[in-house]
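The structure appears right after this line, and notes come after that.
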């Protein structure tokens, strides 16, 4: 197959109010070219609706009928993200007719990892059929459900794209990709044929929630607050005994499996410092689980903008953090690019998850195609 232009969409669980939208030219195996990328902000009322939807999703917890708010939020975000796609394509001088497929991840509102004797469950809001009708192009969506139904974790899904990126820059197995969104996830590629991926632990979500709860904005901008605080080492040591952190991969997390309550009772600055240290230290424990411990981490996602977390990756995770841009990658675009890449794989019927990345029993094609 010749490379085609695809658009990828991602809105993370950190709920920063933005839609990540990226153009990528690919055949689903190699990356031909990276096109335009943007952060398209949600209207404030849509963002508020999504926050309430997440709250109701936690109360629902996959028991009984879905909350009615899901349908409203699903249509609202599908229309907003469809417009974001159209705007990016037009601003790039392309037409929708030149777009082979759109990769529409949707908004994760709840994710439950599988347990012995019980399949996992996952819910992403997003209507691929509606988006396809609005844009007049093919849309790949619902990327996680097939993997979960087969017994996999349903996450992380970025491994195939991370491996494609690493093939061009790091073939010695000494480098892993770390994405710091609401939850952290990591991909390790041995340079040959082995790819391992799993969630590392919480990333930006608890820290952002801590800042919001104290009325100090949406995030620890520039790591200022966490840098000003002192890590509660005794508390951190207790937090790091959580059995999930030492659990063998494959494994995945919901955004609310680890929360800002970990810092309860601390000052705002000390709480921020302790949460940042927990994020970095959890990455260190994740590195210990790999077949070979890499010494370098290429960091993408919003967490790389926090100098405190980046410094702590070196001191606490014992790995050299390398901002994605150092390798010519677009650190804020990697997740959106990933779903453009995966959309082309869905179009071609190629696997998007693997036993070594989600624990699925075999390589899984996954995703649904509309249009």
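Residue numbers (the working numbering): 7 to 377.
By construction, the Cβ of each residue, glycine as well, lies at the ideal position given by its N, Cα and C atoms.
Computed from a predicted structure; not experimentally measured.
Minimum C-alpha distance to residue i - residue among the options
i           : options               : result
residue 286 : 185, 256 and 71       : 185
residue 89  : 120, 41, 146 and 27   : 27
residue 117 : 324, 139 and 151      : 151
residue 157 : 362, 377, 375 and 374 : 362
residue 130 : 112, 189, 147 and 141 : 112
residue 211 : 241, 171, 268 and 242 : 268
residue 23  : 223, 360 and 344      : 223
residue 379 : 46, 122, 178 and 110  : In the structure as shown, the chain begins at 7 and stops at 377. Residue 379 is therefore absent and cannot be evaluated.
residue 376 : 320, 261, 145 and 237 : 145
residue 114 : 108, 13 and 149       : 149
residue 79  : 49, 67 and 108        : 49
residue 200 : 226, 251, 190 and 172 : 172
residue 183 : 293, 271 and 371      : 293
residue 66  : 128, 367 and 317      : 128
residue 196 : 37, 83, 178 and 207   : 178
Neighbourhood of residue i by C-beta, 6 Å cutoff - its chain only, sequence neighbours within 5 removed
i           : result
residue 274 : 220
residue 87  : 15 and 25
residue 344 : 164 and 167
residue 330 : 304, 306 and 337
Own chain partners of residue i with C-beta closer than 7 Å, once the 5 adjacent residues on each side are dropped
i           : result
residue 301 : 180, 325 and 326
residue 126 : 118, 119, 120, 154, 159 and 160
residue 214 : 20, 224 and 225
8 Å Cβ shell around residue i - same chain, five flanking residues per side excluded
i           : result
residue 246 : 284, 287, 288 and 291
residue 33  : 7, 8, 9, 10, 350 and 354
Residue i (DSSP reduced to helix, strand or coil)
i           : result
residue 315 : helix
residue 51  : helix
residue 137 : helix
residue 212 : helix
residue 105 : strand
residue 66  : helix
residue 326 : strand
Integer-rounded CB distance, given that residue j should sit under 8 Å from residue i
i           : j           : result
residue 295 : residue 319 : Between residue 319 and residue 295 the Cβ distance is about 16 Å, and since that is not below 8 Å, they are no contact.
residue 102 : residue 142 : 6 Å
residue 187 : residue 341 : 7 Å
Any C-beta of chain C under 9 Å from that of residue i
i           : result
residue 144 : Checking the listed chains, one finds no chain C in this structure; it contains a single protein chain.
Query raised in the report: Should the region 58 to 66 be called in touch with the region 74 to 81, which here means at least 3 C-beta pairs below 8 Å?
Result: yes
Query raised in the report: Does the region 327 to 342 come within contact of the region 132 to 139, defined as at least 3 CB pairs closer than 8 Å?
Result: Contact between the region 327 to 342 and the region 132 to 139 is absent: fewer than 3 CB-CB pairs across the two stretches fall below 8 Å.
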